[in-house]
Amino acid sequence: MTAELATIIDFIRYGASRFSAAGLTFGHSHDNPIDEATHLVLASLHLPPDIPPAYGAGRLTAEERTNVLALIERRVNERLPVAYLVGETWFAGLKFKSDRRALVPRSPIAELIEAGFAPWLDERHVERALDLCTGSGCIGIAMAEYNPEWQVDIVDISDEALSLARENIVFQHVEGRVEAIRSDLFAGVAGRKYDLIVSNPPYVTEDEYAALPGEYAHEPKLGLTSGVDGLDLCLRMLDEAADHLTDDGLLIVEVGESEHALAALLPEVPFIWIEFKVGPMGVFALERRDLVEHAAAIHAAAAARRPG
Numbered sequence: 001m002t003a004e005l006a007t008i009i010d011f012i013r014y015g016a017s018r019f020s021a022a023g024l025t026f027g028h029s030h031d032n033p034i035d036e037a038t039h040l041v042l043a044s045l046h047l048p049p050d051i052p053p054a055y056g057a058g059r060l061t062a063e064e065r066t067n068v069l070a071l072i073e074r075r076v077n078e079r080l081p082v083a084y085l086v087g088e089t090w091f092a093g094l095k096f097k098s099d100r101r102a103l104v105p106r107s108p109i110a111e112l113i114e115a116g117f118a119p120w121l122d123e124r125h126v127e128r129a130l131d132l133c134t135g136s137g138c139i140g141i142a143m144a145e146y147n148p149e150w151q152v153d154i155v156d157i158s159d160e161a162l163s164l165a166r167e168n169i170v171f172q173h174v175e176g177r178v179e180a181i182r183s184d185l186f187a188g189v190a191g192r193k194y195d196l197i198v199s200n201p202p203y204v205t206e207d208e209y210a211a212l213p214g215e216y217a218h219e220p221k222l223g224l225t226s227g228v229d230g231l232d233l234c235l236r237m238l239d240e241a242a243d244h245l246t247d248d249g250l251l252i253v254e255v256g257e258s259e260h261a262l263a264a265l266l267p268e269v270p271f272i273w274i275e276f277k278v279g280p281m282g283v284f285a286l287e288r289r290d291l292v293e294h295a296a297a298i299h300a301a302a303a304a305r306r307p308g
């Protein structure tokens, strides 16, 4: 049957049909089988995602056919995310290396980066920014790419994730402006202050993790889960962030579906829940002054999570 496939479009269509028939989950950069198949086919052929439509009629060589078909079957049979199969993905319009050392880049924060964090940074001067729980480094590196005047620190506790992040720093040629630091949250950046702290930390609950589709089992659990309600790490971050923000500093954090639990736990804290093109995505902005004003309540909530 596959002998009838010849062109790039043929293989994209075939891949999309196989993915749909197999009931795959699309949650790693794409939300539909056509985009997923397009990513797989074009990346495996070393072609950019914005290739002119006329190239869709290009025919594959025998070796290319064999490789693409093998990747399609692995996507179906092993439930591996496409980014891991082809070793790359796109975030905020930039290409990043991607493998099992860190989560596949996929955060609505990309939209904020591309929009210059408007209106949140419209009246602020930013010199130093921090990407906390950086994983592959995509958020911090993208911030540096879009803001050449910024110095950006990217932080993670995982040595494996940081090794991938460092490869992406070199891949994007931002070695002079981005520093990767191994740190348990702020421990490794003691004494440093930032005008902007951005984080996409682990926030999946244990129950949610147990119910996740097979695709997510290939990602490091450390990058996904954070306690019973997904807020263990976020609360620590809120408790410590004020010491690392400048007076007019801003904190932006993604907590996904844990948004409701956080709002219920700290109802007096004036979280600003950011609206995206597709609607709310569980990302809040918070001023340093609000962290200071509500420090007692935040500290009490964070302290209740600490062992012992």
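The UniProt record's numbering puts the first residue of the sequence shown at 1, with every later residue one more than the last.
Glycine is no exception: its CB is placed at the ideal position from the N, C-alpha and C atoms.
Predicted model only: the values in this text are computed from it and were never measured.
Looking at C-alpha atoms only, which residue of the options is the closest neighbour of residue i?
i	options	result
A70	R18, M281, A301	R18
S29	M143, V198, H39	H39
V228	A161, A304, A297, Q172	A304
L60	A118, V41, R124	V41
Y194	A22, E268, R124, G256	R124
Are residue i and residue j touching if we call contact CB-CB under 7 Å?
i	j	result
V155	S183	yes
L130	D153	yes
N200	S107	yes
L262	L231	yes
A102	L164	yes
A37	V86	no
H294	V269	yes
F117	P105	no
Just how far apart, CA to CA, sit residue i and residue j?
i	j	result
V126	R65	49 Å
E215	S98	14 Å
V189	L196	14 Å
N32	G15	12 Å
E88	C138	12 Å
R13	L5	10 Å
R289	A242	8 Å
I181	I141	13 Å
A264	H46	47 Å
Where do the ends of the alpha helix (DSSP H) carrying residue i lie?
i	result
P33	33 to 44
S17	8 to 22
G140	138 to 146
D159	159 to 171
E111	109 to 114
Starting from residue i and walking both ways along the beta strand (DSSP E), at which residues does that stretch end?
i	result
G230	Counting along the chain, G230 falls outside any beta strand (DSSP E), and DSSP gives it neither H nor E.
I272	272 to 276
E123	First-last for E123: undefined, no H or E at that position.
E259	From DSSP, E259 is part of no beta strand (DSSP E) but of the alpha helix (DSSP H) over 259 to 265.
Checklist entry - Can we say the region 208 to 227 touches the region 239 to 252, given the rule of at least three CB pairs closer than 8 Å? => result no
Next on the checklist: Could you check whether the region 72 to 81 touches the region 45 to 58, counting it as contact only if at least three pairs of C-beta atoms, one from each stretch, sit closer than 8 Å?
Outcome noted: no
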